[in-house]
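>
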Amino acid sequence: MVFTSVVNYVRARGPDEIWRKRRIFKLAAHFIGRRRNCYSIALRNVHRALAYATKGRKLKRADMANLWETRVRAGCEQHNISYETFREGLARTDILLNRKTLADLACWEPYSFKALTDIAKRRALDDGLAGIKADTSIDRIITRGTLHRDK
Amino acid sequence: MSQLKRVQQWATFARVWHIYDAAWQNPFQSAELLKKYLMGMHKPIYHPMNDCGDHVIVINTADVALPGDEWKKRVYFHHTGYPGGASWTLAWELHKKNPTMVMKKAVYNSMDRSLQRRYTMERLHLYPDANVPLNLLENVSNQIKQLRPKPKRLDEYKEEEVREFPKLIDLPKSYIVE
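Quick note, the sequences are listed as chains D and V, same order. Note that my numbering numbers the first sequence so that position 135 is 130, with each residue one more than the last. Note that my numbering numbers the second sequence so that position 10 is 15, with each residue one more than the last.
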C-alpha cells in the first residue's frame, strides 16, 4: 500500500517557528541570562520549571495546611487547651470548621477563637476527655451534655 | 487609627522577653520548647517570613542534664576546612570548655536550616549560672515553665525538716552508714 498523504503531513510542523519559540520565551521571560535569551537553553529550563510547578501545587497545599495548624496550635496554647482536645471538642459539638477558618479566627478574631476554645473545653469536660482540667471560667457555658449531666 | 488599635498593634508585634531555668532539664527537649518562642510559633500571627520571634534568656545552662550516658557518648563534630582539620569532641569535654555550648547547639540543631536561623539564634541569651546582666533581666516579663521539676537534694533540706520527716521505722544503728 502506498501512503501518499503522509509525506505532506511531515512538512506541516504546526505553527510557524517564531510563534513556537515565542511561546517558550514568554514562559522564560523572568529567567536570568542565557536562560531567557537562547532558545535551546530556555526550552530546557522551561520544561524544568513546569515540572517544579506541577510538584509545587501539591507542596503549596501541604505548606499552607502546616501553617494553619501551627497558628491554631498557638491559639490553643494561649487558652490552655491542646490542639487535639480542641478539634475533638469542636467535632463533638458539630462545629465543623476547617484548619484554614480556625487559623483565620485565631489570627484575626482572637475573641471569636476564645469562644470556640471555651465551647470545646466545656464539651471535653462534659464528655470526660483526657487532657483537660476543670476550669471555672467556662461555667457560664451550657451545652446539651451539661444539661443532661445536671439532671 | 484609634488609640486602642494603635496600642493593640504595638502589643501584637512587640518582642516579649522570656526566661528559662535549664537546671536539671534535658537540653534537647528544652530546645524544642525554646525554639517555639524564638521563632514566634507560639503566636497565632506566625508566618515563616513574619519576624515575630521573642527573646529567651536561659539561665543555669551549666546544670543541664543529658539523658542516659550521653555525656560520654554524644560527640560534637567540627571541621576547620583544612585537610585533617576534623575534630570530634565529647559532650562532657565541650561542656567543660564552655558550659553554654551544649544548650546552644541543641537549640541550633532543633531548628530547620534557613537563612533566618542565625538571626533567630541572636535572640537566645545563654548564661551558665543565674548571673544575668541587669539590662537584660529588666526586660523579662514571662517565665517559661520547666519541663520537669528540679528535685531537691537531701543536703538542701534544713536539718529540722529532715529530723521531723515522718519515719516508718527506726533502722538499727548497724544499718546506717556513717
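We put the CB at the ideal spot given by N, CA and C, even for glycine.
(1) Would you check if there are 3 or more beta carbon pairs closer than 8 Å linking the segment 6 to 23 of chain V to the segment 146 to 153 of chain V?
(2) For a contact defined as C-beta to C-beta under 8 Å, what are the partners of Tyr51 of chain V on chain D?
(3) Would you check if there are 3 or more beta carbon pairs closer than 8 Å linking the segment 73 to 91 of chain D to the segment 108 to 120 of chain D?
(4) Could you spell out the range, first to last residue, of the alpha helix (DSSP H) harbouring His52 of chain V?
(5) Got a sec: which bits of the segment 14 to 25 of chain V sit with their beta carbon under 7 Å from any beta carbon on chain D, in order along the chain?
(6) Taking the alpha-carbon positions, what's the Asn95 of chain D to Trp63 of chain D distance?
(7) Alpha carbon to alpha carbon, how far is Gly58 of chain V from Tyr113 of chain V?
(8) Name the chain D residues whose beta carbon is nearer than 9 Å to that of Lys109 of chain V?
(9) Considering only residues of the same chain and omitting the five flanking positions on each side of His84 of chain V, which have a CB-CB separation below 7 Å?
(10) Buried or exposed: which applies to Ser35 of chain V, given that a residue is buried once 16 or more other Cβ atoms fall within 10 Å of its Cβ?
(11) Within the chosen definition, does the segment 33 to 43 of chain D reach the segment 17 to 25 of chain D through at least 3 CB pairs nearer than 8 Å?
(12) With a cut-off of 8 Å on the beta carbons, I'd call Arg30 of chain D and Ala37 of chain D a contact; round off their distance for me.
(13) Taking C-beta pairs closer than 9 Å, name the residues in chain V that Ala115 of chain D reaches, listed in chain order.
(14) Thinking C-beta only, is Asp26 of chain V closer than 8 Å to Asn65 of chain V?
(15) What is the DSSP secondary structure of His23 of chain V, counted as helix, strand or coil?
(16) Measure the C-alpha to C-alpha separation of Leu9 of chain V and Pro171 of chain V and round it to an integer number of angstroms.
Reading it off the structure:
(1) Touching, yes, given that three or more Cβ pairs across the two stretches are closer than 8 Å.
(2) Looking up residue 51 of chain V in the second sequence gives position 46. Simply Leu62, Thr65, Arg66 and Ala69.
(3) For the pair of segments examined, the segment 73 to 91 of chain D was found to touch the segment 108 to 120 of chain D: the number of CB pairs separated by less than 8 Å reaches three.
(4) Here the question's residue 52 of chain V lines up with position 47 in the second sequence. Unbroken run through His52 of chain V: none, as it is neither H nor E.
(5) Using a CB distance below 7 Å, no part of the segment 14 to 25 of chain V faces chain D.
(6) Here residue 95 of chain D refers to the residue found at position 100 when the first sequence is read from its first residue. Here residue 63 of chain D refers to the residue found at position 68 when the first sequence is read from its first residue. Correcting the residue identity first, residue 95 of chain D is Lys in this sequence and not Asn. Taken atom to atom, the span from the alpha-carbon of Lys95 of chain D to that of Trp63 of chain D is near 6 Å.
(7) By 1-based counting over the second sequence, the position of residue 58 of chain V is 53. By 1-based counting over the second sequence, the position of residue 113 of chain V is 108. Rounded to the nearest angstrom, the two C-alpha atoms are 15 Å apart.
(8) Position 104 of the second sequence, counted from the first residue, corresponds to residue 109 of chain V. Neighbours of Lys109 of chain V in chain D, taken as residues at a C-beta separation under 9 Å, are lacking, since the least C-beta distance is about 24 Å.
(9) Your numbering for residue 84 of chain V matches position 79 in the second sequence. Result list for His84 of chain V: Gly90 and Ala91, in chain order.
(10) For the purposes of this step, residue 35 of chain V is taken as the residue at position 30 of the second sequence. By the neighbour-count rule (16 or more Cβ atoms within 10 Å), Ser35 of chain V is buried.
(11) The segment 33 to 43 of chain D, when compared against the segment 17 to 25 of chain D, does touch it at the 8 Å Cβ threshold.
(12) As a position in the first sequence, residue 30 of chain D is number 35, starting the count at 1. As a position in the first sequence, residue 37 of chain D is number 42, starting the count at 1. Correct: roughly 6 Å between the Cβ atoms.
(13) Taking the first residue of the first sequence as position 1, residue 115 of chain D is located at position 120. The contacting residues do not exist; Ala115 of chain D stays about 16 Å from chain V at best.
(14) Along the second sequence, read from residue 1 onward, the residue named residue 65 of chain V stands at position 60. Along the second sequence, read from residue 1 onward, the residue named residue 26 of chain V stands at position 21. Yes; because the gap between Cβ atoms is below 8 Å, this pair is in contact.
(15) As a first step, residue 23 of chain V must be located in the second sequence, where it is residue number 18. Residue state, collapsed to three classes: strand.
(16) One-based indexing of the second sequence puts residue 9 of chain V at position 4. One-based indexing of the second sequence puts residue 171 of chain V at position 166. Near 57 Å, if we compare the C-alpha coordinates of Pro171 of chain V and Leu9 of chain V.
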